[in-house]
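Here's the structure we're looking at; comments come further down.
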Amino acid sequence: MEFHYYYLIQDIIGLIVAFIGVRMVTLCFKMMLSSKMSKNIFLLILKYTLVTASGANILFNHFGLKPWIISIILMFISAIIAPKEKSKLLRI
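So the number in this note's numbering is just where the residue sits in the sequence shown, counting from 1, plus 48.
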């Protein structure tokens, strides 16, 4: 079996993205437990679950174009999902 750097690069990127996603999901669960469950917290959990799935997809699949495309689509969908921010003008 030959050693290729692109396998190593894919595994490192997948590990970093999955770790960031898991860390953010745990922080969202801590926020949910400290305050009441709201729509914004649910959207944040969904967003970072997609990031975790994207990292796991890159990490557990063999090198190829299909896992990268699926992970990019998952990251794009997670970037679209954003909780509503309260308007700063209403706080006057």
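Using N, Cα and C, we set each Cβ at its ideal position, and we do this for glycine too.
For clarity, every value in this text was computed on a predicted model and none was experimentally measured.
For the 8 Å CB-CB criterion, LEU122 and ALA101 form a contact. The beta carbons of PRO115 and ILE125 sit about 16 Å from each other, so the pair does not count as a contact at 8 Å.
In this structure, ALA66 places its C-beta atom within 8 Å of the C-beta atom of GLY103. Assigned with DSSP and collapsed to three states, MET72 falls in helix.
In the three-state reduction of the DSSP assignment, GLY112 falls in the coil class.
When the beta-carbon positions are compared, LYS95 and ILE129 come within less than 8 Å of each other. DSSP places PHE124 within a helical segment (H, G or I) once states are collapsed to three. The C-alpha of THR97 is placed about 10 Å away from the C-alpha of LEU91. In the three-state scheme derived from DSSP, where H, G and I count as helix and E and B as strand, LYS87 is classed as helix.
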